[in-house]
Structures are given as C-alpha cells and as structure tokens.
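Step one of this worksheet: look at the structure below.
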Ligand code: PMP
C-alpha cells in the first residue's frame, strides 16, 4: 500500500470535525480510496509535495488556477507589494480599475467587467443579469456541465427544493435538436443560455463543439433576445487570451472567468456587452473580500505574463508532447488510451473501458511513482498544465507512466 500515513491521519481527524472530511470535488470518495494523497504540504513551479513528503510532477495545477506555476516569483512579488500597501480595505484600490480596463481590452465583445472570488459567484450572478435584462425566468444549460454549487446548477440534490430548478432546463451537448426543442417549448420565456466552450464533464470524455453547435445557439440567442453566457472558468486563458469563444468563433453576451485569472489568488470576473451594462448595474453584487487588492495585483501580473510569454501556445505544445507520449505508451503496451479535449486541458482514459477501473489503478501507480518522484495523474477529471512545466517534466512523467504500465501488467487481473 502507498505510504500516505500522514494524509490518512489528517483525514481521520478531519472526519471528526468536517462533514465528509474533505468535501467537494477533492473528496477521496470519488477515487480509489487510499490511492492518492489527501493533503498537500507545499508547492513550487510544476511540483508539489504531499504531507508525507512525496514529490509529484503536477498535472492538476490546483484544479486549474495555477497557469504560470506554483509560487510564480513575479506574481508573488506583485501580490506581496500590494499586501504591504493594503489588501482588504474600505474601498476598492486602483488595481480594480486597472484590471477591469485590461480585461475589457482583452475581450473583444466586452464593455464592462465585475469581480468576485470564485467561478460560481460569477455564473450565478450572470443568470440574474440575464433575467434582469429580459424580465424572463428560464435558463437553459447543458446536462452534465459544471457551473458551481448554487441551487440552479449544483450537481447533487442535497438541500434543494423543487422550485430551485423549476425554471432551469437542460439540453444535450452537441444535440441541437434537444436545444431547439427547449427553445420551441419555452418560446418567449427564456432569459439566458449557459454554455462552456467545450464540454468537460467529470468521469467522461471532453467533447469539442460540433460544426455549428455553438453558432446555432449564438444565432438563436441573438434572434430571440436571449442572453448567451459563456462559462470560461475552466478553460479561460489556457486556450486564448481573449476568451475561449475566440477559438470557436462565437460572441457571447457575458463571459465568466476565474481559475487561471490570478495564478492561484482568489478572483473571478464576469465581462459583458454594452447592452447589458444597465441590468448589470441593477443586480446586487458584493462580498466581504471582493474588493481585496492583492489578488487583483496578482491578476494584473498574471495577465501580463500570459501575454508576454504567449502561454496558450506553450501549453498547447507541452500538452501535445504529453498526449503523444501517453498515446504512444498505450500502443506500446497494447492498452490504447483515448485523449479528448484541448491538449492544454486534456482528459485521458483507457479506450476499452468506461468505468475507469483500470485507469484509476494506472493513475494510482503513477502517483506512487518511482525513486521518490511521482506524477499526479487524475483518474476522472481533466488535467491542467502550467507554463512552468518543462519538456523534461513531461518526459519524466512519461517515464513514470511507462513504469506504471509495466507494474500494472504484473498485477494479477
Ligand atoms: N464553471 C466551470 C466550468 C468550472 O470548471 C468551475 C469550477 N470547477 C466552476 C464553474 C465553478 O467555479 P468555482 O468552483 O470557483 O465556484
């Protein structure tokens, strides 16, 4: 068994004082119990260390926020300087204005920008803006897509009442007929449509948008006066610095960002078209820490570096190296691997199973690693790369993967 003794001990303590011990998407209940660390000690660059002292080449980047590498020196310096001057104060700082200006410059259709802390702050606020603008009730969203924890989109039914979802309707990704049916059935009643740029469910392959899927949705929203909301929280700034809609050739009315925006600092943003400025001003938006300046300073520096170093191109190149390597290993060991999604935010599984049983095993072995170095391969969520990952990191991870195949083939089946 892998030596995750300290993780286990912390988890046992947590289970006494924290519901579920670890709740949410990092819950150990979702993976092979005991097959991965539960608690992190520290992180730097492309590596992190668990509480048992094991070092990992990381492929989750904190589930997305870390786009330049953990503890990026320039970002840390910008944040530290701001913290010294003041972080949470009575008023916003000039950083807020500078960051809004910068983002509005970067995102082609946008005329304004607001900030929150988490992705879900923005998606939930955006649907209220759509309702305020249209004075209609219904929101259409894609089945299986993740937008946050609020009642309209939460993935589990705990604490929900029927009315929470009575105006929320789901259609299927890449199924225009299911979308059109909803539009026909609820004609004149739809306030907003929420989509991600590509479909990235947990426990399932990523699906890129078919031919004209997003285009037809865009056109319908335009024709019917429906607000189109792009949830770019996961992919944002990894595919295109102007928003992922630029990759897929559409223009939403609102775009939501978080994760990579602050390289780990808590910040999210929603940007919208000039037509939505007035309704946006009417939907109340605030929080105890939402004006804090250090994350905004971190964001400004992060965006500067993303642009300066053309990070999306770099992530794509690194992602392709990883993908080519993993796919080749799958071939070599007669266990083909399916890769889906953009190389910068890929999803992997074995081609011949959909229950992730062996893939969980494979990832668990990679997380055990060899010679004191492991690779953090997530068994059922898309992975993330950062700009600080090197070709050598990828190659080392591929060596760990190669060894994991050997080990797996030696296990009794
Ligand atoms: N939308 C998408 C596409 C996401 O991936 C996430 C986070 N995984 C969210 C919304 C919610 O963001 P947060 O967890 O920061 O509230």
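In the UniProt record's numbering, the protein residues as written are 23 to 435. Yeah, the Cβ is synthetic: ideal placement off N, Cα and C, and Gly gets one too.
Nearest to residue 82 by CA position, among 32, 70, 414, 174, is which residue?
Your numbering for residue 82 matches position 60 in the chain shown. Residue 70 is the option with its Cα nearest to residue 82.
Nonlocal neighbours in the same chain, by C-beta distance under 8 Å from residue 64, ignoring five residues either side:
Translated into the one-based positions of the chain shown, residue 64 becomes position 42. Once the five neighbours on either side are set aside, the close Cβ partners of residue 64 are 70, 71.
Unbroken stretches of the beta strand (DSSP E), 3 residues or longer, contained in the stretch 123-207:
Runs found: 134-138, 160-164, 190-193.
Using the beta-carbon of each residue, find all residues closer than 6 Å to any heavy atom of the ligand PMP and list them in chain order.
So the residues near the ligand PMP by this Cβ test are 140, 141, 142, 145, 168, 169, 170, 218, 253, 255, 256, 280.
Supposed close pair residue 404, residue 363 - CB separation, criterion 8 Å
Your numbering for residue 404 matches position 382 in the chain shown. Your numbering for residue 363 matches position 341 in the chain shown. The Cβ separation is near 6 Å, so the contact holds.
Please report how far the alpha carbon of residue 392 lies from the alpha carbon of residue 423, in whole angstroms.
Within the chain shown, numbered from 1, the residue matching residue 392 stands at position 370. Within the chain shown, numbered from 1, the residue matching residue 423 stands at position 401. In this model, residue 392 and residue 423 are separated by some 10 Å (Cα to Cα).
Residue 407 burial status per 10 Å Cβ neighbour count (16 or more: buried):
Within the chain shown, the letter at position 385 stands for residue 407. Under this definition residue 407 is a buried residue.
Between the C-alpha atoms of residue 115 and residue 317, what's the straight-line distance to the nearest angstrom?
In the chain shown, counting from the first residue as 1, residue 115 sits at position 93. In the chain shown, counting from the first residue as 1, residue 317 sits at position 295. The C-alpha of residue 115 lies about 11 Å from the C-alpha of residue 317.
Rounding to the nearest angstrom, what Cα-Cα distance links residue 144 and residue 154 in this structure?
To locate residue 144, count along the chain shown from 1; it is residue 122. To locate residue 154, count along the chain shown from 1; it is residue 132. Rounded to the nearest angstrom, the two C-alpha atoms are 15 Å apart.
Could you have a look at residue 387 and say whether DSSP puts it in helix, strand or coil?
Counted from its first residue, the chain shown places residue 387 at position 365. In this structure, residue 387 counts as helix in the three-state DSSP scheme.
Whether residue 291 touches residue 135 by CB criterion (8 Å)
What you label residue 291 is simply residue 269 of the chain shown in a count that begins at 1. What you label residue 135 is simply residue 113 of the chain shown in a count that begins at 1. Contact flag set, yes.
Compute the distance between the beta-carbons of residue 21 and residue 270, then report whether it is under 8 Å.
Coverage of the chain is limited to positions 23 through 435, which leaves residue 21 absent and any answer about it impossible.
Would you check if the stretch 146-161 and the stretch 296-313 touch, i.e. whether three or more CB-CB distances between them fall below 8 Å?
Short answer: they touch.
In whole angstroms, what is the alpha-carbon distance linking residue 193 and residue 202?
As a working mapping, residue 193 is identified with position 171 in the chain shown. As a working mapping, residue 202 is identified with position 180 in the chain shown. Taking the CA atoms as reference points, residue 193 sits about 9 Å from residue 202.
Straight-line Cα distance separating residue 87 from residue 139:
What you label residue 139 is simply residue 117 of the chain shown in a count that begins at 1. What you label residue 87 is simply residue 65 of the chain shown in a count that begins at 1. CA-to-CA, the gap between residue 139 and residue 87 works out to about 12 Å.
Helix, strand or coil at residue 216 [DSSP, three-state]
To locate residue 216, count along the chain shown from 1; it is residue 194. Of the three classes helix, strand and coil, the one that applies to residue 216 here is strand, per DSSP.
Terminal residues of the beta strand (DSSP E) in which residue 346 lies
Within the chain shown, residue 346 is the residue found at index 324, counting from 1. Here residue 346 belongs to no beta strand (DSSP E); instead the alpha helix (DSSP H) covers 333-354.
Near residue 104, what residues of its chain come up, given a Cβ to Cβ distance below 6 Å and the 5 sequence neighbours on each side ignored?
As a first step, residue 104 must be located in the chain shown, where it is residue number 82. If we look at residue 104 and ignore the five residues flanking it on each side, its Cβ neighbours are 315, 316, 319.
Using the rule of at least 16 other Cβ atoms within 10 Å of the residue's Cβ for burial, across every protein chain shown, is residue 112 buried or exposed?
The count along the chain shown starts at 1 and reaches residue 112 at position 90. With fewer than 16 other Cβ atoms within 10 Å, it is exposed.
Fully enclosed by the stretch 289-326, which alpha helix (DSSP H) runs are 4 residues long or longer?
Fully enclosed alpha helix (DSSP H) runs of 4 or longer: 299-304.
Backbone CA spacing between residue 55 and residue 33 [nearest angstrom]:
If you number the chain shown from 1, residue 55 lands on position 33. If you number the chain shown from 1, residue 33 lands on position 11. Those two C-alpha atoms are separated by around 12 Å.
Output needed for residue 236: all residues of its chain with C-beta closer than 6 Å, excluding positions within five of it in sequence on either side, in chain order.
Position 214 of the chain shown holds residue 236. Only 270, 272 meet the Cβ criterion.
Give the single residue among 432, 433, 420, 397 whose Cα lies nearest to the Cα of residue 68.
Here residue 68 corresponds to residue number 46 of the chain shown, with the count starting at 1. Closest option to residue 68, Cα to Cα, is 397.
Beta strand (DSSP E) segment containing residue 63, residue limits
Taking the first residue of the chain shown as 1, we reach residue 63 at position 41. Start and end: 62-66.
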